[in-house]
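Below is one structure, written out as structure tokens; the observations come after it.
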Amino acid sequence: MKVIKIPLSETPGSSGKSNEALAPDIVSENLKKITLNESFLKQDFSFETINLSQKSTGDSFNIIYEHILQNDETPLIIGGSRIITFPSAKAFSEKFPDSGIILFDAHTQCLESTNLLANGSIARALSEKSIFPPEKIIIAGTRSFTKKELGYISEKKIKHFTAKEISHEGITEISDSIMSAARRFGSLYLSVDIDVLDPCFAPGTSCPEPAGLTPRELIAIIQRLMNLKNIMAAEIVGINPLKDTSGITARTGAKIASEMYRRQDISRDF
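If you read the sequence shown in the working numbering, its first letter stands for residue 40, the second for the next number, and so on.
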């Protein structure tokens with residue numbers, strides 16, 4: 040499985056020098072240390088990095104888009120800021136008509152903003168710029184939102200599962216609900232922002248929100264989702280090594296990434 044490292048932070052021109060831009064290399068080094076995942080699969084990864092050094096955000100988006108568009112394998116993408124999701128998912132949706140996305144995030148990513156491509160508005164951008172139709176966007180693990188965001192989600196009929204619902208209804212129930220919707224997508228992009236986890240487990244993130252999922256809960260959901268045959272790309276974003284003093288967030292990110300491993304013999308050609 041190909042690992043595509045996208046070292047982009049939210050600060051233009053800071054790629055590879057600060058914050059989330061440092062995460063892909065650090066998470067990848069931790070990933071290399073995992074010999075078997077919990078499904079007892081020996082992981083065979085190849086690694087490549089998209090060079091974004093000193094590029095503006097707009098230029099970086101174009102480079103990411105073109106790289107993902109030309110990729111010919113099922114990728115595991117390691118970012119970088121949540122903002123990388125937009126160009127990556129845009130390329131994915133063009134490769135796979137009738138595709139959809141699952142976003143695990145502490146935030147709904149539906150803020151109303153003059154800049155829809157900013158962190159906080161990514162799900163809204165995917166919808167309003169017709170990357171995915173609203174009915175093919177699923178958001179899970181949220182616990183930070185505004186009334187306007189919830190109104191937007193309701194109006195657009197975006198499927199939304201809060202951290203509270205996951206806690207109250209249970210992993211199996213929520214996983215089955217997500218899978219029931221997602222298996223209808225022609226192809227599926229699975230995206231995890233590390234801030235979906237409670238910051239006591241993953242402190243190394245720029246947008247910590249209390250009362251999140253545990254790593255065990257998230258991994259259990261991902262393990263169930265990986266039974267879906269239509270997952271054709273997976274992504275983990277949002278790790279900020281400069282706030283990860285113990286290194287536990289990067290290690291947890293690598294653990295999550297290892298559970299999103301997909302053998303190439305069960306993927307399909309682009």
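The beta-carbon is built from N, C-alpha and C at its ideal position, and this holds for glycine as well.
field: Nearest residue (CA-CA) to R182, options G286, K268 and G251
entry: G251
message: Let me confirm a value: K198 is counted as buried when at least 16 other C-beta atoms fall within 10 Å, else exposed. Which label applies?
response: buried
message: Using a 10 Å radius around the Cβ and a threshold of 16 neighbouring Cβ atoms, would you call N58 buried or exposed?
response: buried
field: CB contact below 7 Å: L252 versus chain D
entry: Considering every chain present, this structure includes no chain D. It has just one protein chain.
message: According to DSSP, simplified to helix, strand and coil, what is Y191?
response: helix
query: Does the beta-carbon distance from I45 to I89 come in below 7 Å?
result: yes
task: Please report the residue range of the beta strand (DSSP E) in which V276 lies.
output: I270 to V276
- prompt: What does a CB cutoff of less than 6 Å around S62 pick up in its chain, not counting 5 residues either side in sequence?
  reply: Note on identity: in this sequence residue 62 is Ala, with Ser being the wrong assignment. So the qualifying residues of the chain are I278 and P280.
- prompt: In this structure, does DSSP put I305 in helix, strand or coil?
  reply: With a pLDDT of only 41 at I305, under 50, the local geometry of the prediction cannot be trusted, and the value read off the model is given with reservation. Reduced to three states, the DSSP call for I305 is helix.
message: Can you tell me which residues form a DSSP beta bridge with L91?
response: Paired residue(s): none; L91 is not in a bridge.
field: Those runs of the beta strand (DSSP E) which lie wholly inside the region 80-168 and span at least 3 residues
entry: 85-88, 114-118 and 138-143
task: Provide the residue span of the beta strand (DSSP E) that contains L229, from first to last.
output: S226 to D232
field: N-terminal and C-terminal residue of the alpha helix (DSSP H) that V66 is part of
entry: A62 to K71
query: What span of residues does the beta strand (DSSP E) with I259 cover, start to end?
result: Just to set this straight, residue 259 is Ala in the shown sequence, not Ile. Per DSSP, A259 belongs to no beta strand (DSSP E); it is in the alpha helix (DSSP H), P254 to L264.
field: Rounded straight-line distance, which links the Cα of T253 to that of I43
entry: 26 Å
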